[in-house]
Each structure stands twice: as C-alpha cells, then as structure tokens.
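To start, the structure itself, in structure tokens.
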C-alpha cells in the first residue's frame, strides 16, 4: 500500500514475490529520478494539507508560487487586518483569550466528565485493552464476528478494499460511540468492515508484533530447519505481552477460517500473509532493507497461519 504526498492511497498486490520486488524497485527508481528542487518536504506538505483538502492542494500546488499578489489585494488585506480595530481592541481580545485558555479544563477532566471519549484508533493496544478491562479490543472482536457471519465466502475478503470514505465514517463512529452495530445497513459492505479492521492495526502506534521483537521474528523465519523455525517463533509469541498475544491468537484463528475457504474466497495463507504482513509487524525505523523486510513479514504471517496449532497450542500439543 502506497500513500502519496497528496493523500491518495494505492494498493498493489500480487502473490508473486519477484513481481513485488520489481514494483518496489520501479517506484523507488522513479522517486530517485525526481529533481531535488521539485521534491516537497513532508513538514511543508503536512502544513499545507492541514489548511486545505488534498484536492484544493493539488489544484493550487502549481499556481501558488507563480505571480505575487497585486498591490491592491495586498492593501485590501492590510486594511482588513489592521484597520478594523484599534490597539485597545486587540489588547482586550488578547486578554480575554488568555483568561479563556487559563480556565480551560484539562483533557483528563473532559474525559472524566464524558465530554471527550478515549480514542480506539491510534491508541496503544494495552491502553485500549486497559480501558475496556479486556485483553482483546472489543472492536477487533466485533469485526471478526461480523466477517465470520457474512464474509467467509466473499471473493477477495481482506484483499479487496472497501470505500475509504465509509471506512473513515466507521472509524469516527467507533471513536465517538460506545455502542456499535456492524450489521447496520450502512456497514453492509463487508469490505468496509475488513478495511476498518486493517486500519485499526495499521494505526497502532506500536504494531501487534512489538518493535522490540521484530528482528527476533525475522531471524527466526530465516532458520532453515522447519521444526526449529516453528519452535523459535512459538517461543517468541509466547513471550509477548498478554494483550498482544491474546489479540494475535484470536486474529490468526479467524484468518485460518478465511484460508480454509480458499476454494471459494480465493484467499490462501500466502495471500493473507501479503495483506497482513506489513500491517502487523514492521521495524521501528525503515532502512534500505524494506523490500527484504516485506518478504520476511509476509513469510512470518504465512507460517503462523499454516502452523497455527503448533504455535498457539498448549505445550502438550
């Protein structure tokens, strides 16, 4: 998945590893060939996007630096800004603003009064679970249940993207309301539910596979002997924090059910690995090994799905 500087999102997907690498190198080479003077820094772009929609930004990007504003427009803006009130009026406004800011209740106070609710999307997993007094976020459970009720047989489930605007609407509802009915007609497109679930995991400040264990999982998947590789990954999984382990277990159990219907939904363990690999685990700092990491990410998820019972089962198993 690629997000451009203008906010557009594109999903490239294939089950063929060398084709994925070709895509990556083609995109990287295209970026490297861009003239340095035409590149836009992320800080400047972020500031511009905050002030306008991405459409407005695209329309204005090429024109904002062309001609200076006419003199009559400059003088008009000056008069509007400075001649509308005298110095005393401005000082009075400043004084009132200072009083308002000093009396403004804290975020904690607003949360205690229920005026601002704790966010689900974008919060740390352990904070969401702690607030809900559980080890698996309620939203994750609701999405899984909805998909298992009406999405196991859907072609391309989790691979096909839902309507982004509707997914964002669902995200807003989840963050603002305690009660959520995913069987409501506005969420009837199951790809919206799967899209929101993937977004939840993508927006975790620290992924489901913690940063501290990323390199260990990568080293484990490199082990040539299959039995040793499975045992190593099993040990790493068992040592994860409880919310991470329990959420991971219920998610992979669910994805196993998806893969079991491969003949209908065309989603194999390899396909699910491609979709969920970069979503569930990633390095804290991206390096030049991004393409290699992507392959390992996919392989780790694929192995954990194929060997679910051995990795998440009891010691006796």
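Residue numbers (the UniProt record's numbering): 1 to 317. Yeah, the Cβ is synthetic: ideal placement off N, Cα and C, and Gly gets one too.
Whole-angstrom Cβ separation of residue 122 and residue 188, contact assumed at under 8 Å? Here residue 122 is taken as the residue at index 122 of the chain shown, counted from 1. Here residue 188 is taken as the residue at index 188 of the chain shown, counted from 1. Contact flag wrong, Cβ pair sits at about 26 Å.
Specify, as a first and last residue, the run of the alpha helix (DSSP H) that residue 176 falls within. Within the chain shown, numbered from 1, the residue matching residue 176 stands at position 176. Residue 176 -> alpha helix (DSSP H) spans 164–176.
Report task. To the nearest angstrom, report how far apart residue 283 and residue 89 are at their CA atoms. Result -> Sequence index remark: in the chain shown, residue 283 carries index 283 (1-based). Sequence index remark: in the chain shown, residue 89 carries index 89 (1-based). C-alpha separation (whole angstroms): 53 Å.
For residue 10: DSSP bridge partner residues
In the chain shown, the residue the question calls residue 10 occupies position 10. The partner list for residue 10 (beta bridge, DSSP) reads 2.
Checklist entry - Between residue 232 and the rest of its own chain, which residues show a CB-CB distance below 7 Å, the 5 nearest in sequence each way excluded? => result Numbered from its first residue, the chain shown carries residue 232 at position 232. Closer than 7 Å at Cβ, skipping near neighbours: 220 and 223.
Among 143, 180 and 312, the one whose alpha carbon lies nearest that of residue 235: Here residue 235 is taken as the residue at index 235 of the chain shown, counted from 1. When each option's Cα is compared against that of residue 235, the closest is 312.
- prompt: Straight-line CA distance for residue 272 to residue 296?
  reply: Position 272 of the chain shown holds residue 272. Position 296 of the chain shown holds residue 296. Distance between the alpha carbons of residue 272 and residue 296 is about 14 Å.
Review point. Taking DSSP as the reference, what is the three-state secondary structure of residue 209?
Key: Here residue 209 corresponds to residue number 209 of the chain shown, with the count starting at 1. DSSP places residue 209 in coil when its eight states are reduced to three.
### Reference residue 195, options 210, 240, 215 and 165, closest by Cα
Indexing the chain shown from 1 puts residue 195 at position 195. Measuring from the Cα of residue 195, the nearest candidate turns out to be 165.
Worksheet entry | Reduced DSSP secondary structure (H/G/I, E/B, other) of residue 267 | One-based indexing of the chain shown puts residue 267 at position 267. Coil at residue 267, not helix or strand.
Separation of residue 291 from residue 134, as counted between CA atoms:
Along the chain shown, read from residue 1 onward, the residue named residue 134 stands at position 134. Along the chain shown, read from residue 1 onward, the residue named residue 291 stands at position 291. Those two C-alpha atoms are separated by around 36 Å.
field: Per-residue burial, residue 265 [other beta carbons within 10 Å of its own, 16 or more giving buried]
entry: In the chain shown, counting from the first residue as 1, residue 265 sits at position 265. Buried, since its Cβ has 16 or more Cβ neighbours within 10 Å.
Check your understanding: How close, in whole Å, do the beta carbons of residue 145 and residue 230 come, if the pair is a contact with beta carbons under 8 Å?
Key -> Position 145 of the chain shown, counting from 1, holds the residue named residue 145. Position 230 of the chain shown, counting from 1, holds the residue named residue 230. Going by Cβ atoms, the distance from residue 145 to residue 230 rounds to 29 Å, so no, they are not a contact pair.
inquiry  = Which residue wins for smallest C-alpha separation from residue 207, given the options 125, 310 and 269?
reply    = For this step, residue 207 is matched to residue 207 along the chain shown. Among 125, 310 and 269, the Cα nearest to that of residue 207 belongs to 125.
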